[in-house]
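Protein chains in written order, with the working numbering: chain L, 16 to 256; chain Z, 16 to 256.
Even for Gly, the Cβ is constructed at its ideal location relative to N, Cα and C.
These notes are about the structure you will find just below.
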DNA sequence: TCCCTATTTTAGGCAAGACTAATTTGTTTC
DNA sequence: GAAACAAATTAGTCTTGCCTAAAATAGGGA
Ligand SMILES: [Mn+2]
Ligand SMILES: [Mn+2]
Ligand SMILES: [Mn+2]
Ligand SMILES: [Mn+2]
């Protein structure tokens, strides 16, 4: 019970930060169950029980046995700081260092725990105070504000819909390569067209790779077919019709 | 005894890497005593005994009880890799990110353990395959070659000696600031002059800060007085007279 | 209401890396 | 050669984070 408040200078462990980040990602109003957290972190459930107890003692989360974990304000603050590090790093590694989609995530996943606040600030300046990472995820501000995120999937749009790409799933690097070639990058405007407008050769190729394609025209380009699996990993802001 | 050889892919812990680096730094032919290592790492001697045993089991060092530790070839390779990371990072942070002398060392000390080989290669390219870090320390090549290091101190030169600055002690950031103002940076050519050539006002100022100054003229500049303490932290290559 | 099952927690272990206190060893000195 | 002292090692603990196996619990379905 005696929730130990320690000096803020003490660096939290990478493990601690990853737990808080994972809870932040999974919580949507209600508490995150042990098993969900275990899945996200690829760790045994029993280990999560132990760790979350310690996090609760430190005042970073609230824990309801058999229910799940919720971030406290302190915990949320840490999570957002780590996410800010992660996303600034990803953008930096992509833009300035030239890392591939493949390398981006892993490198940022490690470095996010080890850069100083001064480094964070330098990156922010150097990148001209960016608001989105290369996947289109919002970069939290230093004070913890987060921009809105798209919830609609490209795969769920209908003929004639116009939209702007918000963000892309970052699960699969190969898919990101593909999307880059298609011009389906965050910020791109697009329109869902009729399937007929697409050439047959392309149709065959796409159909082999990914079933049930959707026809899309990215602004300034030709109409093209995009596989449903692919289109499901593209999140868009639907334009008011 | 059964010295476990493990797959090279397994990342070594920061702690392990710091031990190897410290042994590399302290060994000069003969084994590094427990106490010396404990001092360098700011860790209790008993802890060092325990850790060095484990390092020996892993084949990274050789350990002679009551004598000390020596790096094996495998251990040396790791030490040089970490040092390469450290020095590339220091240069990068100074040149591209704009870190201060103060921030340089600490940041590099952490990040050296966490960057990927791909990142290392990118830094190397971006910096145009540098051979020296901001302090003038040689950057080991990927294959583990290390350039020669200066051993003579500016403080020990005599009137009329000419020399080129090799490297600077990296203990004290404030001192590095001072040296930068004096133009005493790695690569600078200099000449030790007669004390009389220096103005009296400067003499007084310098004498207050650091006793028993030495008179130095850096190429392209005016003669100036440099405190003995300061001059002791500047290592030079003496020019053949 | 009772039982089944998935989830969660408890119990017990382990490795890494640190600590302090006690003991041993090596070395120097008289 | 014994005593004294410094250095090193051993012994015993601690914390963090992970594991597996066993026990407990919550909640839905019969
Ligand atoms: Mn991480
Ligand atoms: Mn991202
Ligand atoms: Mn280090
Ligand atoms: Mn250096």
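To the nearest angstrom, how far is it from the Cα of residue i to the Cα of residue j?
i: residue 84 (chain L); j: residue 28 (chain L); result: 19 Å
i: residue 3 (chain Z); j: residue 184 (chain Z); result: The displayed coordinates of chain Z run from 16 to 256. Any statement about residue 3 (chain Z) would go beyond what the structure contains.
i: residue 10 (chain Z); j: residue 89 (chain L); result: No information on residue 10 (chain Z) is available, as it lies outside the stretch 16 to 256 that chain Z covers here.
i: residue 130 (chain L); j: residue 120 (chain L); result: 16 Å
i: residue 171 (chain L); j: residue 247 (chain L); result: 8 Å
i: residue 36 (chain Z); j: residue 229 (chain L); result: 56 Å
i: residue 238 (chain Z); j: residue 123 (chain L); result: 49 Å
i: residue 44 (chain Z); j: residue 128 (chain L); result: 37 Å
i: residue 94 (chain L); j: residue 162 (chain L); result: 15 Å
i: residue 111 (chain L); j: residue 82 (chain Z); result: 48 Å
i: residue 134 (chain L); j: residue 92 (chain Z); result: 29 Å
i: residue 49 (chain L); j: residue 38 (chain L); result: 10 Å
i: residue 169 (chain L); j: residue 164 (chain Z); result: 60 Å
i: residue 46 (chain Z); j: residue 113 (chain Z); result: 39 Å
i: residue 254 (chain Z); j: residue 108 (chain L); result: 43 Å
i: residue 236 (chain Z); j: residue 150 (chain Z); result: 21 Å
i: residue 177 (chain L); j: residue 197 (chain L); result: 17 Å
i: residue 180 (chain L); j: residue 26 (chain Z); result: 38 Å
i: residue 74 (chain Z); j: residue 34 (chain Z); result: 14 Å
i: residue 58 (chain L); j: residue 41 (chain L); result: 15 Å
i: residue 17 (chain Z); j: residue 72 (chain Z); result: Unreliable positioning characterises residue 17 (chain Z) in this predicted model, as indicated by a pLDDT of 42, which lies under 50. The coordinate reading is nonetheless provided below. So the alpha carbons of these two residues sit roughly 7 Å apart.
i: residue 167 (chain Z); j: residue 142 (chain L); result: 43 Å
i: residue 257 (chain L); j: residue 195 (chain L); result: The displayed coordinates of chain L run from 16 to 256. Any statement about residue 257 (chain L) would go beyond what the structure contains.
i: residue 260 (chain Z); j: residue 160 (chain Z); result: Nothing in the structure corresponds to residue 260 (chain Z), since chain Z is present only between 16 and 256.
i: residue 158 (chain L); j: residue 136 (chain L); result: 13 Å
i: residue 19 (chain Z); j: residue 240 (chain Z); result: Low per-residue confidence applies at residue 19 (chain Z): pLDDT is 48, beneath 50, and the placement is therefore not dependable enough to give any value.
Who are the Cβ neighbours of residue i in its own chain at under 7 Å, not counting the five residues just before and after it?
i: residue 225 (chain L); result: Confidence in residue 225 (chain L) is poor, its pLDDT being 49 and thus under 50, which makes the residue's placement too unreliable to answer from.
i: residue 147 (chain Z); result: 153, 154, 201
i: residue 227 (chain Z); result: 243
i: residue 102 (chain L); result: 148, 152, 154
i: residue 76 (chain Z); result: 38, 67, 70, 84, 85, 86, 87, 90
i: residue 182 (chain Z); result: 150, 151, 152, 164, 165, 201, 250
i: residue 234 (chain L); result: 203, 204, 205
i: residue 173 (chain Z); result: 207
i: residue 79 (chain Z); result: 46
i: residue 175 (chain L); result: 207
i: residue 252 (chain L); result: 165, 178, 179, 181
Looking only at DSSP bridge pairs, what is residue i linked to?
i: residue 45 (chain L); result: L:43
i: residue 204 (chain L); result: L:179
i: residue 253 (chain L); result: L:178
i: residue 265 (chain Z); result: Because chain Z is modelled from 16 through 256, residue 265 (chain Z) falls outside the range shown and cannot be assessed.
i: residue 168 (chain Z); result: Z:250
Once you ignore the five residues that flank residue i on each side, which residues in its own chain have a CB closer than 6 Å to its CB?
i: residue 60 (chain L); result: 49, 50, 53
i: residue 232 (chain L); result: 206, 208, 238
i: residue 62 (chain Z); result: none
In its own chain, which residues sit with a C-beta less than 8 Å from the C-beta of residue i, not counting the 5 before and 5 after it?
i: residue 104 (chain L); result: 122, 123, 126, 127, 130, 138
i: residue 145 (chain L); result: 103, 106, 139, 154
i: residue 55 (chain Z); result: 37, 40, 41
i: residue 193 (chain L); result: 245
Just to confirm, does residue i get its C-beta within under 8 Å of one of the non-hydrogen atoms of ligand 5?
i: residue 93 (chain L); result: As presented, the structure is devoid of ligand 5, carrying ligand 1, ligand 2, ligand 3 and ligand 4 as its sole ligands.
Handout entry: Inside the stretch 74-162 of chain Z only - beta strand (DSSP E) runs reaching at least 3 residues
Key = 76-79, 83-86
Problem - the stretch 89-109 of chain Z / the stretch 150-163 of chain Z touching (three or more Cβ pairs under 8 Å) - result: yes
Practice task
Please confirm if the stretch 52-69 of chain L is in contact with the stretch 26-44 of chain L, defined as three or more CB-CB distances below 8 Å between the two stretches.
Solution key: yes
Problem - At least three beta-carbon pairs within less than 8 Å, the stretch 187-203 of chain L to the stretch 109-127 of chain L - result: yes
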